[in-house]
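Have a look at the structure below before the remarks.
Written as structure tokens, this is what we have:
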């Protein structure tokens, strides 16, 4: 097998292709070659011209299909034709494109050019991945490879002519050898190498090109089309047509998705049909609609498809009438350019009486004989049709296998069940077919009536050994909706159908979509039901098992063999035909948007097109009245069907519903009776009524009685039908409150009915609902408080509304479980500070008890006008000031002790690498800071440099050509340590100019070792803990490994201090390598050796003791927000750094909130309120950075095995005079840096 591309779609063939015919074979033959484009009919409908240039519609009009050829005719005014297939491909590693060409006659043969090849979507301005460009005269022939042209300097093709015949050319591509291309001319005339004399192509052909043009394989990607360009760049007119035909594309299916040649690569979509369907019917309806596929149901109940045993061979076969019926159907399909699935649609012949035990494959079980019968019949079918290559898409082994199976059992695990038996049967049937026929696809269904939930129990066949398997499901879910109004469903459903009489009884209102459905949950008497919302979200749950199966098996081709619903479902609340709405939502879901699957656009055949004059299911040509038998040429359902036949429309909204079409008829009768009326007494003298709204209702009349369920009833109120959107938001129920204005008498018994009305009259009243009025005064909440997200400093209001305030004695709001002092009203006004963030509830006290609201979360949004935009690094001075690196504003700011901020270095929003003072300097995305001995060091990440500034902001560059430097730390001896992030190394810059590698191999990894043998992954933050002399510990935040590492400076040894390099990100408070972090950033170490770490991905601050114990100090793990509180009740938003002031306060760069936050010794988190300030006036003036001794990069390797330092071109460690002394708490030396 060839070496594969790294592309995730390396072997994928997107199912979008319908094209013309070809012949092909690679120079090195393709194993199990799949012809994905092979249509000798040359159908112009398979081509498009809608591109920004290249001829357009006028030119395209000259592009005709006649006599089995594509022809282009034109004159001087039409110089270009650009056309591409209307369907897409995704190329395999190995492929072959071939075609025949016949050129026009013109005054200048060199001016006539034809390009053909595989190109990206934008055909007119194509990125041609692989193709050939040639002329009528044979001059200037070129191979196009990855959009680069390579002249054919040896043998060159001469385009076909009347004298020479057609030029037949084959372009073969193999990934081996860096992308090997072989171009062969098989017929016509060519120019031999070094000759200008046209010569006939010898038998076996001539090689025009063989090699690897660039030495790199092509990344074909997705969205390729076959592109055809005809050009006339000369002044002479074209007098005979340019023709291209027999275009063929084949790909290596080995190890790929295993699609066979019989099932086209394009998504195949159409209808279920019976063998009675005639060629005329196909030609008059299905073909003009664009139908590609018909599922021919070989009904087991039909005598012609009742298997019989051949008296000579002993094999099972169909009667002659059955074969004749199939042959006639195939002939009709072929004449209309459609494909057919032969569906064995009769389980009872093989597994009599639906006896599930007959599926058993235990030795001696009756299922063995049944299976042998099925195998024998398919051998007979395959033998008869193995050479029928124009009409048959595939063989469907058996419709809706009924065997039971445990959904959660692993296939093959004991005890075996019906699903295991079915997999065994499938394996044997497929093997029998493949021994005879390797061309046609085989369609398999899971047990449980082809229920998609059982796909997980269906065997997946490895396409490298068993290619050409298509996985089919049938979707009628939920049956309670899709088959409503039928009389054969048991147990009976609670809803019937609007206007249907079943067995002489009116069954009332049916299910409309979207709306509510009563699902049967218990199938034995007494039956049990559960009312559930049926909408597109529910339908998504029904297709979820298909997505799960296909995402697990990337090459699986999905075929929804049957789906549909009764065509007479009620008009829905939006006034639309429910069947149309139901089908619209399902069809839009028959698509997988996972990028790595081979066939995102599913095949399908709708049930049904026609099975009788009065088709209950779908009825594309019928209206929505059950008793109607009239067929129509145009309906909403036909438009929907035609739209989704084209897989390019899977993500495009279908045509709008037209309420004047036949299937949009609304019955001119009163609405059905409202369903599901309930009456409840919540207290306070009120009664709550609720019911499911009726289809076609405009208003509802509510009546009541105090005399009993038999009445008499008096009118109480008339209410309007809410909008469809309001009903959807209310889960498709509506209601009314009696006693809202004046409480009803306590303990009184009331009975209610509701009827629906419209312009055509009033429905019968619902069954009465009775209730005893309660005088208990417990508040009932009508509208719960809603979560709000005000910007910082903008007030917000929480509120609650009650169904009645009668008997209410008080309100109490709580935040995070604690009472809010001012929260004693129905509304609570908040100032919009971080201290206001949290989770709120309100308790309403009534005379007889309280009611507690649901919770509402208040989230404070960052201040858009903040003085900080992206604070990512901090450095504190002994004087109490804090330097802040604002990476997206490209500046360093200084926070003074009076909480005013000024720009210390750089100009806000301006990037550059200018060494100067103050705002005259320029930086680019600085992300690391360190202060030492009066000098501020800056990791100028965007400039890949190390910068330094003396007192007053005199900036100087001291090292360049780094690779995204991040964290910095400095020791008392003047050494600066830097995390060279994208080189995955830690470097040391010593006074006098020496540079050395501290640790890191230069390759991402997580090895604990010494020096260059250790490895990191994108290290960021650094913190130094000195123990005297040259000893000490350098802590490294190994961001990409979600860990904290430590370097023992005396030995250079790297060990993992906490976290688990190589393990996924997470959050766990534990000791050492049992702890978990998520993309941690900067850190600081205090005098006791405790570390404080900004755990960026978790939006928390962690504390790590010298013994490696990790705890969460502040912030809620995984909750990004903006909240001032204590400890883990506070919220941060992806903090990037942390520092420690001389007074012992931790200050956090809360990057996502564009703020600085302080953490007190008691772990209380507050937001620093800062204002704009001015830079101080210095006396004496700003001091310059000291001159740097010259630095000469060492040659070769440094001692200790460190690699050569080619990337460092300048270095010095600055020993400046004053101002930025490093922090020393209680006399203990330590340094930290933000990364």
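Residue numbers (mature numbering (1 follows the signal peptide of the UniProt record, and there is no 0)): -27 to -1, 1 to 1208. No residue lacks a Cβ here, since even glycine has one placed at the ideal position from N, Cα and C. These numbers were taken from a predicted model, which means no experiment stands behind them.
(request) Measure the Cβ-Cβ separation of residue 131 and residue 111 and say whether it is below 7 Å. (result) yes
(request) Using the Cα positions of residue 74 and residue 146, report the straight-line distance between them to the nearest angstrom. (result) 20 Å
(message) By the DSSP assignment, the alpha helix (DSSP H) with residue 307 in it spans what residues?
(response) 293 to 308 is the extent of the alpha helix (DSSP H) around residue 307.
(message) To the nearest angstrom, how far is the alpha carbon of residue 447 from that of residue 519?
(response) A straight line joining the alpha-carbon of residue 447 with that of residue 519 spans about 11 Å.
(message) Quick check on the DSSP output: what are the complete beta strand (DSSP E) runs of length 3 or more inside the stretch 714 to 772, in order along the chain?
(response) Runs of the beta strand (DSSP E) inside the stretch 714 to 772: 722 to 731, 742 to 745, 754 to 756 and 769 to 772.
(message) For residue 656 and residue 786, what's the separation of their Cα atoms in angstroms?
(response) 23 Å
(message) Taking 6 Å as the limit between beta carbons, can you name the residues of its chain near residue 640, skipping five residues before and five after?
(response) Leaving aside the five residues that flank residue 640 on each side, none in its chain has a CB nearer than 6 Å to its CB.
(request) Grab me the residues of residue 728's own chain with a C-beta within less than 6 Å of its C-beta, minus the 5 sequence neighbours each way, in chain order. (result) Taken in chain order, the residues that qualify are 674, 735, 736 and 738.
(message) Please state whether the Cβ-Cβ distance between residue 455 and residue 430 is less than 7 Å.
(response) For residue 455 and residue 430, no; Cβs fall outside 7 Å.
(request) Return the residue from the list 1025, 1044, 1023 and 1026 that minimises the CA-CA distance to residue 1033. (result) 1044
(message) Taking a contact to mean a Cβ-Cβ separation below 7 Å, would you say residue 879 touches residue 902 in this structure?
(response) no
(request) Using the Cα positions of residue 709 and residue 667, report the straight-line distance between them to the nearest angstrom. (result) 15 Å
(request) Establish whether the CB of residue 163 and some CB of chain D are separated by less than 7 Å. (result) The structure shown contains no chain D, having only a single protein chain.
(request) Under 6 Å Cβ to Cβ from residue 1144, same chain only, skipping five residues before and after it: list those, please. (result) 873
(message) I need the straight-line Cα distance from residue 152 to residue 185, nearest angstrom please.
(response) Across the structure, residue 152 and residue 185 are spaced so that their CA atoms are roughly 5 Å apart.
(request) Just the C-alpha distance for residue 716 and residue 1137, rounded to the nearest angstrom, thanks. (result) Going by the C-alpha atoms only, they are around 50 Å apart.
(message) DSSP has residue 245 in a bridge; who is on the other side?
(response) 268
(request) Could I get the ranges of all uninterrupted beta strand (DSSP E) runs contained in the stretch 774 to 809, with 3 residues as the minimum, in chain order? (result) Runs of the beta strand (DSSP E) spanning 3 or more residues and lying entirely within the stretch 774 to 809 occur at 781 to 788 and 800 to 803, in chain order.
(message) My output table needs one value for residue 678: the three-state DSSP class, helix, strand or coil.
(response) It is a strand residue.
(request) Enumerate in chain order the residues of its own chain whose CB-to-CB distance from residue 1068 is below 6 Å, with the five nearest sequence positions on each side excluded. (result) Result list for residue 1068: 1050, 1053 and 1075, in chain order.
(request) Measure the CB-CB distance between residue 782 and residue 832 and report whether it falls below 7 Å. (result) Their beta carbons are not under 7 Å apart, which means residue 782 does not touch residue 832 by this criterion.
(request) Return yes when the Cβ of residue 419 is within less than 7 Å of the Cβ of residue 428, no when it is not. (result) yes
(request) Identify whether residue 901 lies in helix, strand or coil by the three-state DSSP scheme. (result) Three-state result, residue 901: strand.
(message) Whole angstroms are fine: how far does the CA of residue 1086 sit from the CA of residue 1101?
(response) 7 Å
(message) On a Cα-Cα basis, can you pick out the residue from 601, 242, 607 and 120 that is closest to residue 534?
(response) For residue 534, the closest C-alpha among the options 601, 242, 607 and 120 is that of 242.
(message) At the level of alpha carbons, what is the spacing between residue 349 and residue 298?
(response) 20 Å
(request) Could you pull the start and end residues of the alpha helix (DSSP H) that residue 614 belongs to? (result) 609 to 618
(message) The alpha helix (DSSP H) that contains residue 702, what's its start and end?
(response) 697 to 702
(request) Could you name the residues of the same chain whose beta carbon sits closer than 7 Å to that of residue 883, not counting the 5 residues immediately before and after it, in chain order? (result) In chain order, 863 and 895 place their CB closer than 7 Å to the CB of residue 883, counting only its own chain and leaving out the 5 sequence neighbours on each side.
(request) Could you round the C-beta distance between residue 162 and residue 137 to whole angstroms and report it? I think they count as a contact, below 8 Å. (result) 4 Å
(message) I need the straight-line Cα distance from residue 779 to residue 802, nearest angstrom please.
(response) 24 Å
(message) Closest to residue 573 by C-alpha separation, out of 1131, 239, 1029 and 493, would be which residue?
(response) Looking at the Cα atoms, 239 is the closest of the given residues.
(message) Classify residue 767: buried if its beta carbon has 16 or more other beta carbons within 10 angstroms, exposed otherwise.
(response) exposed
(message) Measuring CB atoms only, is the stretch 606 to 621 touching the stretch 644 to 655, in the sense that at least three cross pairs come out at less than 8 Å?
(response) no
(message) One question on the structure: do residue 543 and residue 485 come within less than 7 Å of each other, judged by their Cβ atoms?
(response) yes
(request) Reducing DSSP to helix, strand and coil, say where residue 469 ends up. (result) Per-residue confidence for residue 469 stands at a pLDDT of 46, beneath the threshold of 50, marking its modelled position as unreliable; no derived number is given.
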